[in-house]
Amino acid sequence: MTVFEVKQGTSPVILGFPHTGIDVPPAIWERLNDNGRILADTDWHIHRLYDGLLPQVTTVRATFHRYVIDANRDPEGVSLYPGQNTTGLVPGTDFDGVSIWRDGEEPTEADIAARLADFHAPYHAALAAEIERVKAIHGIAVLYDCHSIRSDIPFLFEGTLPDFNIGTDSGKTCDPAIQDAAVDVVLNAQGYTSILNGRFKGGWTTRHYGRPETGVHAIQMELAQSTHLTTETPPFAYDEAKATKLRIHLKDILTRIETTALTLAHTKRGTK
Ligand SMILES: N=CN[C@@H](CCC(=O)O)C(=O)O
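End of the sequence shown sits at 679 in the working numbering; the numbers just go up one at a time, nothing left out.
Here it is, written out as structure tokens:
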């Protein structure tokens, strides 16, 4: 069974898609309750939204759903935000804190271990391999992790989420020039709101791979789903008109990050 898709390119930029997959093996589907089967917390259509924006970009996409196991959580099970409401490695609830499993069918430790081996580890092995391949070409790699979420989720955050939420774990996961490139675009995106390292500071993927001192940079973009879905409720339809407007800015962000990465790579070669 394939649990990820890879498209290789020659750009220093790699797009990660940990949450757009909707595959749930039948034996796991049987254990989800009616609420879980809505798959509400999917990053709906995000791979489509970014498709074709940067010609030589590499993409790595998990095809399994985050309710099987969350590819953006620490495999050791450490919480992303200790002490705050969040969802875990194999979530017990959705983003509203409501159970997704039938009574008595909650995943066991043995289930989690099996899903780590069958889904989480292969996805991250593929992502790590692409980061190494791209770094071998340029001496540098930038992982841009692509996400989306409903703009109003009282269980997770107060108020309405800004449209663009950039996460770099408070500046730790990438060179400041890469962060600045993204921030500059979103600040100038008319009609859109934005924040840097607000409620979404970057998930495990961004924090794990982002090691600027080694030449591997990571940045997360969390988009409010209101920016590209007709409604943030079922059937979670892609809104072509909204997406067309948004893609202009996303293309600008990726292009600026790519140019910045090539400049950093050039400078790094020059100093050796
Ligand atoms: N759409 C998904 N959002 C991420 C956010 C991680 C974070 O920055 O807190 C997630 O839950 O994995």
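The beta carbon of each residue, even a glycine, is placed where N, CA and C say it ideally should be.
For residue i, count the other beta carbons within 10 Å of its own beta carbon; 16 or more makes it buried, fewer makes it exposed. Which is it?
{"i": "A520", "result": "exposed"}
{"i": "N572", "result": "buried"}
{"i": "A668", "result": "buried"}
{"i": "L534", "result": "buried"}
{"i": "Y530", "result": "buried"}
{"i": "L594", "result": "exposed"}
{"i": "R455", "result": "exposed"}
{"i": "T465", "result": "buried"}
{"i": "G423", "result": "buried"}
{"i": "R356", "result": "Since the first residue shown for the chain is 408 and the last is 679, residue 356 is missing from the structure and cannot be characterised."}
{"i": "Q415", "result": "exposed"}
{"i": "S486", "result": "exposed"}
{"i": "A469", "result": "buried"}
{"i": "A723", "result": "Here the chain comprises residues numbered 408 to 679, so residue 723 is not present and cannot be evaluated."}
{"i": "D441", "result": "exposed"}
{"i": "T494", "result": "buried"}
{"i": "Y488", "result": "exposed"}
DSSP three-state call for residue i: helix, strand or coil?
{"i": "T465", "result": "strand"}
{"i": "W436", "result": "helix"}
{"i": "K658", "result": "helix"}
{"i": "D591", "result": "helix"}
{"i": "S633", "result": "helix"}
{"i": "E383", "result": "With the chain running from 408 to 679 in the structure shown, residue 383 is simply not present."}
{"i": "G574", "result": "strand"}
{"i": "I560", "result": "coil"}
{"i": "I429", "result": "coil"}
{"i": "A596", "result": "coil"}
{"i": "H452", "result": "coil"}
Do residue j and residue i have their beta-carbon atoms positioned less than 7 Å apart in this structure?
{"i": "P425", "j": "N479", "result": "yes"}
{"i": "F607", "j": "E639", "result": "no"}
{"i": "R663", "j": "A588", "result": "yes"}
{"i": "C553", "j": "I476", "result": "no"}
{"i": "T613", "j": "A596", "result": "no"}
{"i": "R438", "j": "R509", "result": "yes"}
{"i": "G617", "j": "T674", "result": "no"}
{"i": "A672", "j": "I547", "result": "yes"}
{"i": "T600", "j": "P569", "result": "yes"}
{"i": "A644", "j": "T637", "result": "yes"}
{"i": "H656", "j": "V592", "result": "yes"}
{"i": "Q627", "j": "G574", "result": "yes"}
{"i": "F562", "j": "G504", "result": "yes"}
{"i": "V420", "j": "V467", "result": "no"}
Based on Cα-Cα distance, which residue from the options lies nearest to residue i?
{"i": "S555", "options": "L669, T666, S486 and G610", "result": "G610"}
{"i": "T417", "options": "S633, T567 and A543", "result": "A543"}
{"i": "V431", "options": "S506, E516, Y474 and A517", "result": "Y474"}
{"i": "T427", "options": "T637, Y616 and D448", "result": "D448"}
{"i": "D576", "options": "L603, L456 and T678", "result": "L603"}
{"i": "I687", "options": "R444, D458 and E516", "result": "The shown model of the chain, from 408 to 679, leaves out residue 687, and the question about it has no answer."}
{"i": "V541", "options": "P482, Q632, E665 and N440", "result": "E665"}
{"i": "L496", "options": "G622, G511 and F526", "result": "F526"}
{"i": "P483", "options": "G490, A524, K658 and V549", "result": "According to the sequence as given, residue 483 is Glu; it is not Pro. Among G490, A524, K658 and V549, the Cα nearest to that of E483 is on A524."}
{"i": "P498", "options": "Y488, V623, E513 and P489", "result": "E513"}
| field | Segments assigned alpha helix (DSSP H), at least 4 residues, entirely inside the stretch 598-631 | value | 611-616
| field | alpha helix (DSSP H) segments (min. 4 residues) lying fully within the stretch 470-546 | value | 516-522 and 528-545
| query | What residues does ligand 2 have around it, judged by CB closer than 6 Å to any heavy atom, in chain order? | reply | Only ligand 1 can be found as ligands here, which leaves ligand 2 out of the picture.
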